[in-house]
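To start, the structure itself, in structure tokens.
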Amino acid sequence: MNAPRPVLGIINAQRQTEGGGFVVRRPFPTGRVDNVDPFLLLDEMGPVDYAPGKAIGAPDHPHRGFETVTYILSGEMEHRDSNGGHGVITPGAVQWMTAGSGIVHSEMPSNQLMRKGGRMHGFQLWVNLPAAKKMIPPRYQGFEAHEIPSVTMADGAIVRVISGEVAGVRGIVDTTSPVTYAHVTLPAGAAIEWDVDEGHTALVHTFVGSVVANGTEAVEGVMVVCDRSVGPVHVTAGDDGAEVLLLGGQPLGEPVARYGPFVMNTREEIIQAFDDYESGRLGTIVASGSGISR
Ligand code: MN
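Oh and the sequence shown: position 54 is 338 in my numbering, straight run, nothing missing.
Next comes the structure, spelled out in structure tokens:
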């Protein structure tokens, strides 16, 4: 058995309110972390309790050059995009959207959450695309909670695998580059061993309780960043149990030019993206039925 890979450090993500009123915990991007490639952003949305009529979302906006992954724990989010994609993401469900050459989408609380209020809690992860695939056609993969492969271990640990492979369970999403995304729920003292490919990025984000990951203690809101050498990651829950996300992937090692909703390789490509969006070449959302009409 390989020795656990070393830990590079931790990121302490405090809960904060963003400009639009979103309550998020955002481990990255930060000014000083470049060990998260191929990931670009992780937002833990909430948990926040909305009064009736007070839930907020993100109306029509574009993306190009990467993928957005939405995983909901509580509440409901309704998605519509210029490619004809539409769905309500419910607790335990995931939506993996490849923006590729460009898409316009809206991410709004469902009508029900808007009307009645309620708790919203979930994650949005941004996964970069390799230069050669930044302009692939947009794609939408949505899976309900019951479709996400999971396993309950002997010690009670529950592993839900969205993509990649953890604890012998293969995830359901067809990713563009090798990416592992799993949600692990650990009772007090339970442990999981995560075999990460050699040279791959390995991140453990604790969002409930506390863990020890490869010898490093992490309470909720703390992300443990492992190095890209070789060896597994061992995660053991503290006395109150824990919930963590495991994020792994093959680093792209390419230049990143990012501005707002666009992530490309060069400044010229960012300017082109704005130009294409403003000219309507990323499309518009065509409303159908009830829901958003713009
Ligand atoms: Mn978006």
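We put the CB at the ideal spot given by N, CA and C, even for glycine.
- As DSSP reads the structure, G293 sits in a beta bridge with V509.
- Separation of I476 and A441 (C-alpha to C-alpha, rounded to the nearest whole angstrom) is 7 Å.
- L324 and G337 have their C-alpha atoms roughly 32 Å apart.
- In the three-state reduction of the DSSP assignment, I373 falls in the strand class.
- Boundaries of the beta strand (DSSP E) harbouring L324: 323-334, taken from the DSSP string.
- A distance of 7 Å or more separates the beta carbons of P535 and T500.
- From the listed residues P545, A335, G349, V453, the smallest Cα separation to P539 is found for G349.
- The beta carbon of T352 sits closer than 6 Å to at least one heavy atom of the ligand MN.
- Secondary structure note for L397: it is in no beta strand (DSSP E), and the uninterrupted alpha helix (DSSP H) holding it is 395-400.
- Distance from the CA of P422 to the CA of S390, rounded to the nearest whole angstrom, comes to 15 Å.
- In the three-state reduction of the DSSP assignment, F558 falls in the helix class, which pools H, G and I.
- Put simply, of F427, G303, H345 the residue whose alpha carbon is nearest the alpha carbon of G564 is H345.
- Within the same chain, E391, M392, P393 come within 6 Å of G341 by CB-CB distance, once the 5 residues on both sides are set aside.
- Taken atom to atom, the span from the alpha-carbon of G406 to that of G305 is near 16 Å.
- In the DSSP assignment, M419 falls outside any beta strand (DSSP E) and carries neither an H nor an E.
- Rounded to whole angstroms, the separation of the alpha carbons of Q396 and R512 is 44 Å.
- Residue burial is scored here from C-beta neighbours: G473 has fewer than 16 other C-beta atoms within 10 angstroms and is therefore classed as exposed.
- Residue range 342-347 is occupied by the beta strand (DSSP E) that includes P343.
- Boundaries of the beta strand (DSSP E) around D524: 517-533.
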